[in-house]
Amino acid sequence: MEENIECAGFTFYNNFDSANLAKVEKVEINKADNGKSENNRTHRKSSTSETPSHEFNIWTKADCHGTEFQNNNRTWFYFGIKAATPNIYIRINIINLNKLVKMFTQGMSPVYKVIPGHPYWERIREKPTFTTDDKNNDFILTFNYRASENPNAITYFAFTYPFSYTDLQNYLKKIENRILKHDKKVHLADDIYYHRECAIKTLQGRRLDLLTISSHHNIRREREAKIKDLFPESDEERPFKFHNKKVIFVSARVHPGETPSTFVFNGFLNLLLNRDDQIAMTLRRLYVFKLIPMLNPDGVAQGYYRMDTRGVNLNRLYLNPSKSDHPTIFAAKTLLRYYHHSYHIIDDQTVEMFNLSGNAQALDSSIDSHVHIDAGTYSPKIPDFVSKETNKLLQKVNLMSIEEKNRCIEQGNRVRNCLAQASDKSVVNSENSPKSIESLENVSGRRIIYSDRCSKLDPKESGIFLYVDLHGHASKKGIFMYGNHFEDPELSASCMLLPKLMSLNNPNFHFTSCNFAEKNMYLIDKRDGLSREGSGRVAVYKHFGLIHSYTLECNYNTGRMVNSIPARVREGIQKIRGPIFVPPKYSPSVFEEVGVALGPSILDMTDENPNSRLPNSQYRSLKGLKSYLKLISTNHYQTSLNRPANKVNLAHSENDIVDVDGIADDEIRQCTLC
6 MEENIECAGF TFYNNFDSAN LAKVEKVEIN KADNGKSENN RTHRKSSTSE
56 TPSHEFNIWT KADCHGTEFQ NNNRTWFYFG IKAATPNIYI RINIINLNKL
106 VKMFTQGMSP VYKVIPGHPY WERIREKPTF TTDDKNNDFI LTFNYRASEN
156 PNAITYFAFT YPFSYTDLQN YLKKIENRIL KHDKKVHLAD DIYYHRECAI
206 KTLQGRRLDL LTISSHHNIR REREAKIKDL FPESDEERPF KFHNKKVIFV
256 SARVHPGETP STFVFNGFLN LLLNRDDQIA MTLRRLYVFK LIPMLNPDGV
306 AQGYYRMDTR GVNLNRLYLN PSKSDHPTIF AAKTLLRYYH HSYHIIDDQT
356 VEMFNLSGNA QALDSSIDSH VHIDAGTYSP KIPDFVSKET NKLLQKVNLM
406 SIEEKNRCIE QGNRVRNCLA QASDKSVVNS ENSPKSIESL ENVSGRRIIY
456 SDRCSKLDPK ESGIFLYVDL HGHASKKGIF MYGNHFEDPE LSASCMLLPK
506 LMSLNNPNFH FTSCNFAEKN MYLIDKRDGL SREGSGRVAV YKHFGLIHSY
556 TLECNYNTGR MVNSIPARVR EGIQKIRGPI FVPPKYSPSV FEEVGVALGP
606 SILDMTDENP NSRLPNSQYR SLKGLKSYLK LISTNHYQTS LNRPANKVNL
656 AHSENDIVDV DGIADDEIRQ CTLC
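Going by this note's numbering, the letters in the sequence shown line up with residues 6 to 679, in that order.
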């Protein structure tokens, strides 16, 4: 635990979960810059002319500060201050942040609370200012505050509304106590089924909590399996299995500083645990919810913004996570596979591929001579020169027909050539083998599907109905979703369905900011050089064929529009909200409302919502909405086909759906889709 810092009679608190403070330095007021421009700097002037009594420069820690994995992510800050004198006016300069010009130009403000006296987080009352220096790549955030009249009060400041690992543990404990108070030996079918367990321990020994929520409808007496390498707590039982109920998998906080995702998660969790809400009861009756509230507990506890304790962006590793290096992502993907296969354990090792240059025909003949076809599968006897490890990994394979191959191509699945180059009768060392393996095509033209690729079932056969990973967003305004790209208009419309429903159930959700472009599935991060192909959203689609696989993003600050929300079917006119024209400043309550809206939107996807807004919308019904979305998808698909080759990429801009949506809105007014 870090020591608190004493400076000029002030105490700067840094010894708590999620805190981030490296250094404090007192600034002599008469030597201060006072807002004047120099050295090519630009400075936003303060909204007050009062001169502060004290001024401090503060340095935060980069992610993985002081380790060999230290990197350039310096956005998160969280610390407390006890003033030397009550009621004095103080200025804080945070010196070494990443450039956040766009965010703070749009009106972003840090948050504060005072203990005791003002225990709830809110945005600071005076607008912050910032200084930039392009030459030295500096960004300095400045804000003023007046100390409490209570000499013992501590004022806490944070980049945005915090929610620490300790907060999570306390929150889950309160839920458990509340559930236990209502627990009965004889359960009614609609009673809440709630189970909490530790899926795996992090690199620093913290819990990766997994919550299971459903009703007692279709519950079985059999418990879920103790999967190898998971569930380290021997005294914790696995939850019961359910018959004929698909899984909805929701996760949050893979990036530790993206705290809006936690509040969205909490809103959804509170809805699911509502005993009196009819939407919650229907959700529990139809589905089993598997929820991971914090995918990066170590990063959260250490006060990092984006990385884990080894400087890794965990949301780029879902294609092939390591149990030893990335345990939480390994656990999440293993669980996804288990539920995808409806509680069946599948050999989930990713196969390292090999090729024998000049001897591919011999390998093919060897496989041919030992293949025993049975219902589309075979178990090859591997030649002696293949390593024992590879031999073990190659035991489970599927033979895909030409028709199946063509169908995958039509669905937009990318095929990789995974044949590595090697010398005669030699196996490529695993260090040089591809990290993400999907398929091997041998010389006879047959496609051999290994491991995760063999996990891809028809979406109707999968045990998972929906996957959503919750995030925060620093630059793009609003609350929106990223979905995967499909050339087939039917599949594309199906993917757009949940985001569009979210815009009907929440005034702050921006459907026109959602992105379903192929380019957005494979973008390379400038910071770490990793592709979004390894993100949860894309990897879940690639491995399991799940169409409804999304990333939900929340801007830290505000949006650019507000939706007009139709009334619910059973909603009286007095309960209908009046129109809101100015987007609010986002707060935990706004984010929680987004989580609550996820519930009715899920039910609307299958027309199971007992109090839907759809009948009072312009689409009138689920069928009408699907027709509208198919029109968007068809128009977009035809536009892309007719666009000159050198301009095709323009269709995949971040706001591509805005133009398509606008065209479709004009067209839908002229047709009778509803």
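Just so it is clear, CB atoms sit at the ideal spot from N, CA and C, and this is done for glycine as well.
Assumed close pair residue i, residue j - CB separation to whole angstroms, cut-off 8 Å
i	j	result
L213	P302	7 Å
D612	L506	In fact, because the Cβ distance is near 11 Å, the residues do not count as touching under 8 Å.
P494	S638	4 Å
G122	A158	5 Å
F294	I218	4 Å
H70	A27	7 Å
I469	G564	Not a contact, Cβ separation roughly 30 Å.
K338	D234	Going by Cβ atoms, the distance from K338 to D234 rounds to 12 Å, so no, they are not a contact pair.
I34	N98	No, I34 and N98 are not in contact; Cβ-Cβ is about 12 Å, not under 8 Å.
F596	V567	No, F596 and V567 are not in contact; Cβ-Cβ is about 15 Å, not under 8 Å.
Y83	F164	7 Å
Bridge partner(s) assigned by DSSP for residue i
i	result
T339	Answer by DSSP bridge pairing: none, since T339 is not bridged.
I552	Paired residue(s): none; I552 is not in a bridge.
A163	Y83 and V116
Y587	Reading off the sequence shown, one finds Val at residue 587, where the question assumed Tyr. The partner list for V587 (beta bridge, DSSP) is empty, contrary to what the question assumes.
Y323	According to DSSP, which records beta bridges pairwise, Y323 is partnered with nothing at all.
T147	N98 and T134
H490	The partner list for H490 (beta bridge, DSSP) is empty, contrary to what the question assumes.
L296	L216 and V255
G477	C559
F21	DSSP output for F21 lists no bridge partner at all.
I484	F514 and C559
Span of the alpha helix (DSSP H), counted from its first residue to its last, around residue i
i	result
G604	P593 to M610
A544	G541 to F549
F109	V106 to T110
Y527	K524 to Y527
Limits of the unbroken beta strand (DSSP E) element including residue i
i	result
D533	Segment: none, D533 is in no beta strand (DSSP E) and carries neither H nor E.
I284	That residue, I284, is in no beta strand (DSSP E); its alpha helix (DSSP H) goes Q283 to L291.
C12	I10 to C12
K87	Y83 to K87
Y309	Premise fails: Y309 is in no beta strand (DSSP E) and is neither H nor E.
T267	No beta strand (DSSP E) contains T267, which is instead part of the alpha helix (DSSP H) from P265 to L277.
T16	F15 to Y18
Three-state secondary structure (DSSP) of residue i
i	result
S617	coil
N76	coil
C519	coil
P124	strand
T134	strand
D379	Note that D379 has pLDDT 34, beneath the 50 cutoff, so the model's placement of it is unreliable and no number is given.
S256	strand
L471	strand
G71	coil
N155	coil
N513	coil
I34	helix
K505	helix
I63	strand
H345	helix
N560	strand
N640	helix
K628	helix
K2	This structure does not reach residue 2, given that the chain is present from 6 up to 679, and the question cannot be answered.
K465	coil
I334	helix
C676	Only weak support is given to the placement of C676: the predicted model assigns it a pLDDT of 34, under 50, and the value that follows is read from those uncertain coordinates. Reduced to three states, the DSSP call for C676 is coil.
V356	Residue placement at V356 is poorly supported in this model, since its pLDDT is 32, which falls under 50; the coordinates are not used for a value here.
E7	coil
Contained alpha helix (DSSP H) runs [length at least 4] in the segment 169–245, N- to C-terminal order = 170–187
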